[in-house]
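Respectively, the protein sequence lines represent chains A and B. Heads up: the first sequence begins at 1 in the numbering used here, then just goes up one per residue. Heads up: the second sequence begins at 1001 in the numbering used here, then just goes up one per residue. To start, the structure itself, in structure tokens.
There are 2 protein chains.
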Amino acid sequence: MFMHATLRIAMNDKVFVRDPEQTELGRSIISEGVRLIDELGFEQFTFKKLASEINSTEASVYRYFENKHKLLLYLTAWYWAWLDFQIDFHTNNVTDPEHKLKIIIQIITDSTRYNLDFLPVNKAALHRIVICESSKAYLTKSVDADNKEGLFKNYKALCHKVALLVLAISPGYPYAHALVSTLLEAAHQQVFFAAHLPSLTEVRVTDNDYTQMGSFLEHLVFKAIK
Amino acid sequence: MFMHATLRIAMNDKVFVRDPEQTELGRSIISEGVRLIDELGFEQFTFKKLASEINSTEASVYRYFENKHKLLLYLTAWYWAWLDFQIDFHTNNVTDPEHKLKIIIQIITDSTRYNLDFLPVNKAALHRIVICESSKAYLTKSVDADNKEGLFKNYKALCHKVALLVLAISPGYPYAHALVSTLLEAAHQQVFFAAHLPSLTEVRVTDNDYTQMGSFLEHLVFKAIK
DNA sequence: TTTATAAAGATAGTATTACTATTATTTAAA
DNA sequence: TTTAAATAATAGTAATACTATCTTTATAAA
């Protein structure tokens, strides 16, 4: 497919000190960073541990990212942009807004399944990071400063895109963005609950089968707007 | 009101080393802990800073809580139990399940407004902590261990209670718990988004007016189950 | 081919965090 | 009044989250 070679996710340059996509070291910071955050969790993850994994030094990692919070912001922003692209690609020639929204809910629910590129990032690990860590990217005292720098732009753009579709289906619905942000967050929460606090949800995810999640979210969204 | 003097929230004793409610120092750890976490955010909050605020020592604080994560678990568990009590109290003589659910959504939306006790905890600050920090209590690598110790029991009990009500209204609805956990989480997320990332939601909260939040959530829930 | 320069590595150092341990002092109960 | 429990005071450790400096290596323009 012709897109494979050319797809690049454009990133806000405020999130990094040096663009990690431009160098070998930068790219290994990203790919090994994804692996390690997934393995250790964000709290236990440190630049020192990352540096040792990639046979580099702490100081070198700091030349790419100010701190691990910025790395998390980078990864989550990247994920949202990537999801946005997946949505565009898979709904490109779908005209019926309801059908389109259903496809989007499927993609949000099980993003890795729709993966069509060969970017050197472990999408499954990144998806797990988004599930467990992404809300930590904004639940901080620096949220307003980070927002001012545009670091949540990708998330907001995605939310807005889907909200517009909601409004196309139901022009009078007054909470399109609220519904979509709830949808996006619930899509991760419910996977987490299914895995760790299963009494909080009927949704079960076994063998990467996200069917129940999709049903729940689709039902929730379409009942709200129809 | 007679309950004021007698209301005590029963806490799981696995969450603390020494019960903070039993001593003066313990109680100041809780009340000043709430104040400081609210002020600094959970990441910047340390036991050393807390100790200095209450004119005690780090070592003394550690005699009550193993670490700050356990303190956060304590505070959130306390909040859920307290919310559960508020719900019981305010829906005690309401028989119509739909009316009951509406009242519950109001309480979840604006818990501090329904405050009826005089427990020595700043409920407004605790509510802000729940909004900004509560998901960090479970989004950790220790979630399964913490869950095994019963540290999320209060949250699960609350979720189950509301889910049963959902099922009373709509016996065939297959996602009662998923809907309620989504509701509980959304109630905090949307307040946070309204304050910090307002393009993610139409909901606005001005002067502690949570009307729009209530409308959004009520609409979402009732459309889903009716 | 030299030479500038940018990136990365090597090393060291600091302040803070997240604890643990020990001893002394105060307080409250038997 | 004795005894025990709680707290304070102090010290110490390993890890974290950085910053600084200097050297080496790769790259590419003069």
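Idealized CB from N, CA, C, for every residue including glycine.
Pair within 8 Å by beta-carbon distance, residue i and residue j
i, j, result
"P1097(B)", "I1169(B)", "yes"
"S181(A)", "L1183(B)", "no"
"E218(A)", "I108(A)", "no"
"H1015(B)", "A1077(B)", "Note that residue 1015(B) is Val in the sequence shown, not His. Yes."
"K1223(B)", "K223(A)", "yes"
"F1045(B)", "I1054(B)", "no"
"E1133(B)", "L165(A)", "no"
"F1216(B)", "A178(A)", "yes"
"N1147(B)", "H196(A)", "yes"
"I1103(B)", "V1094(B)", "yes"
"I64(A)", "V17(A)", "Here residue 64(A) is Tyr; the residue named in the question, Ile, does not match the sequence. Against a cut-off of 8 Å, the Cβ pair of V17(A) and Y64(A) comes out as a contact."
"S1031(B)", "N1122(B)", "yes"
"L220(A)", "D117(A)", "no"
"D1110(B)", "Y1210(B)", "yes"
"L1072(B)", "A1137(B)", "yes"
"N1067(B)", "K1153(B)", "no"
Check: residue i C-beta below 7 Å from any heavy atom of the ligand PLP
i, result
"H1127(B)", "The model on display carries no ligand, and the ligand PLP is accordingly not part of it."
Residue span of the alpha helix (DSSP H) that contains residue i, given as start and end
i, result
"N1067(B)", "Premise fails: N1067(B) is in no alpha helix (DSSP H) and is neither H nor E."
"D117(A)", "Per DSSP, D117(A) belongs to no alpha helix (DSSP H) and is neither H nor E."
"D38(A)", "E24 to L40"
"Y1138(B)", "No alpha helix (DSSP H) contains Y1138(B), which DSSP labels as neither H nor E."
"K102(A)", "P97 to T109"
"A10(A)", "Unbroken run through A10(A): none, as it is neither H nor E."
Where residue i falls: helix, strand or coil (DSSP)
i, result
"T1206(B)", "strand"
"M1003(B)", "With a pLDDT of only 44 at M1003(B), under the threshold of 50, the placement of this residue in the model should not be trusted; the figure read from the coordinates follows. Reduced to three states, the DSSP call for M1003(B) is helix."
"R144(A)", "First, the residue type needs correcting, since residue 144(A) is Asp and not Arg in the sequence shown. Residue state, collapsed to three classes: helix."
"F1192(B)", "helix"
"Y173(A)", "coil"
"K1048(B)", "helix"
"L1183(B)", "helix"
"F1214(B)", "Here residue 1214(B) is Gly; the residue named in the question, Phe, does not match the sequence. Looking at G1214(B) - three-state DSSP - the assignment turns out to be helix."
"G1150(B)", "coil"
"L1200(B)", "helix"
"I87(A)", "helix"
"E21(A)", "helix"
"S1060(B)", "helix"
"E53(A)", "helix"
"V1221(B)", "helix"
"I1129(B)", "helix"
"K226(A)", "coil"
"V1094(B)", "coil"
"V15(A)", "coil"
"Y1155(B)", "helix"
In the region 119-141 of chain A, which residues sit with their C-beta less than 8 Å from some C-beta in chain B, listed in chain order? C132, E133, S135, K136, Y138, L139, T140 and K141
Please identify, using Cβ separations under 8 Å, the residues of the region 1160-1178 of chain B that lie next to chain A, in order along the chain. H1160, P1174, Y1175, A1176, H1177 and A1178
Any C-beta of chain A within less than 9 Å: which residues of the region 1042-1057 of chain B qualify? F1042, E1043 and Q1044
Could you run through the region 1081-1092 of chain B and flag, in chain order, every residue whose CB is less than 8 Å away from some CB of chain A? none
Of all the residues that make up the region 1187-1206 of chain B, which are near chain A by a beta-carbon distance shorter than 8 Å? Q1189, Q1190, F1192, F1193, H1196, L1197, S1199, L1200, T1201, E1202 and V1203
Give, in chain order, every residue of the region 141-156 of chain A whose Cβ lies closer than 8 Å to some Cβ of chain B. K141, V143, D144, N147, F152, Y155 and K156
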